[in-house]
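**Q** Let me begin by handing over the structure; questions about it come next.
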């Protein structure tokens, strides 16, 4: 049945990772930020979610499949479809709602996807939770300054 539905065991792993990723994006879209929270507080809440050790097995699978897809392994070919843009679009919408200009919002949220994934790799490789959290906090502080400058100080949700 696995081969019929997914082509291979590896195809099943790809589908699992894509499904978990889709559920995370759906959770993001359904996430109603508290109007009293700043953009930084919202970002810190999301980082706490993404860096939760309960998600580490999924994240390890995600990065393993990502690497295999970049190597051109046939069973992972469709894994790269939307792997960046499917996150950039909803995040850019949030940034625009916080007052960021749309062209910059797309660039900065692409950077945010890269930073988040890079710090997740760091966390998985080292287990240095405090150091990685500090690095993310530094990135969030930069985002807060960017939003304040972009929106004339309207950086809260």
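Residue numbers (our numbering): 1 to 157. Heads up, the beta-carbon is just placed ideally off N, CA and C, and yes, glycines get one too.
1) Of all the CB atoms in chain C, is at least one closer than 9 angstroms to the CB of residue 98?
2) Have a look at residue 137 and residue 146 and give me their C-alpha separation to the nearest angstrom.
3) Can you tell me the Cβ-Cβ gap for residue 38 and residue 99, rounded? I've got them flagged as a contact below 8 angstroms.
4) For residue 140, collect the residues of the same chain with a Cβ closer than 8 angstroms to its Cβ; drop the 5 residues on either side in sequence, then sort them by chain order.
5) For residue 135, which residues in the same chain have their Cβ closer than 7 angstroms to its Cβ, ignoring the five residues on either side in sequence?
6) DSSP three-state call for residue 38: helix, strand or coil?
7) Specify whether the region 10-18 and the region 75-84 touch according to this definition: at least 3 beta carbon pairs, one from each stretch, less than 8 angstroms apart.
8) Is the beta carbon of residue 125 closer than 9 angstroms to that of residue 61?
9) Classify residue 98 as helix, strand or coil using the three-state DSSP reduction.
10) Can you grab the Cα-Cα spacing for the pair residue 132 / residue 117, in whole Å?
11) Let me know the alpha helix (DSSP H) ranges lying completely inside the region 54-82, each 4 residues or longer, listed in chain order.
12) If I'm right that residue 97 touches residue 109 with Cβ under 8 angstroms, what's the distance once you round it to whole angstroms?
13) By how many angstroms is the C-alpha of residue 66 removed from the C-alpha of residue 121?
14) By Cβ distance, which residues of its chain are closer than 8 angstroms to residue 101, with the 5 residues on each side in sequence left out?
**A** Let's see:
1) In the structure shown, chain C does not exist; there is a single protein chain.
2) Position 137 of the chain shown holds residue 137. Position 146 of the chain shown holds residue 146. Near 14 angstroms, if we compare the C-alpha coordinates of residue 146 and residue 137.
3) Residue numbering aside, residue 38 sits at position 38 when the chain shown is read from its first letter. Residue numbering aside, residue 99 sits at position 99 when the chain shown is read from its first letter. Under the criterion of beta carbons closer than 8 angstroms, residue 38 and residue 99 do not qualify as touching, at roughly 12 angstroms.
4) For the purposes of this step, residue 140 is taken as residue 140 along the chain shown, with counting starting at 1. So the qualifying residues of the chain are 40, 43, 44 and 47.
5) As a working mapping, residue 135 is identified with position 135 in the chain shown. If you ignore the 5 residues before and after residue 135, its C-beta comes within less than 7 angstroms of the C-beta of 119, all in its own chain and listed in chain order.
6) For the purposes of this step, residue 38 is taken as residue 38 along the chain shown, with counting starting at 1. Strand at residue 38.
7) Judged by Cβ distances under 8 angstroms, the region 10-18 makes contact with the region 75-84, as three or more pairs qualify.
8) As a position in the chain shown, residue 61 is number 61, starting the count at 1. As a position in the chain shown, residue 125 is number 125, starting the count at 1. Cβ atoms of residue 61 and residue 125: not closer than 9 angstroms.
9) In the chain shown, counting from the first residue as 1, residue 98 sits at position 98. Residue state, collapsed to three classes: coil.
10) As a first step, residue 132 must be located in the chain shown, where it is residue number 132. As a first step, residue 117 must be located in the chain shown, where it is residue number 117. Their backbone Cα atoms lie some 12 angstroms apart in a straight line.
11) DSSP runs (the alpha helix (DSSP H)) wholly in the region 54-82: 56-70.
12) For the purposes of this step, residue 97 is taken as residue 97 along the chain shown, with counting starting at 1. For the purposes of this step, residue 109 is taken as residue 109 along the chain shown, with counting starting at 1. Not confirmed; about 12 angstroms, so no contact.
13) Taking the first residue of the chain shown as position 1, residue 121 is located at position 121. Taking the first residue of the chain shown as position 1, residue 66 is located at position 66. Each residue's CA atom was taken as its position, placing residue 121 and residue 66 some 12 angstroms apart.
14) In the chain shown, the residue the question calls residue 101 occupies position 101. Same-chain partners within the cutoff: 150.
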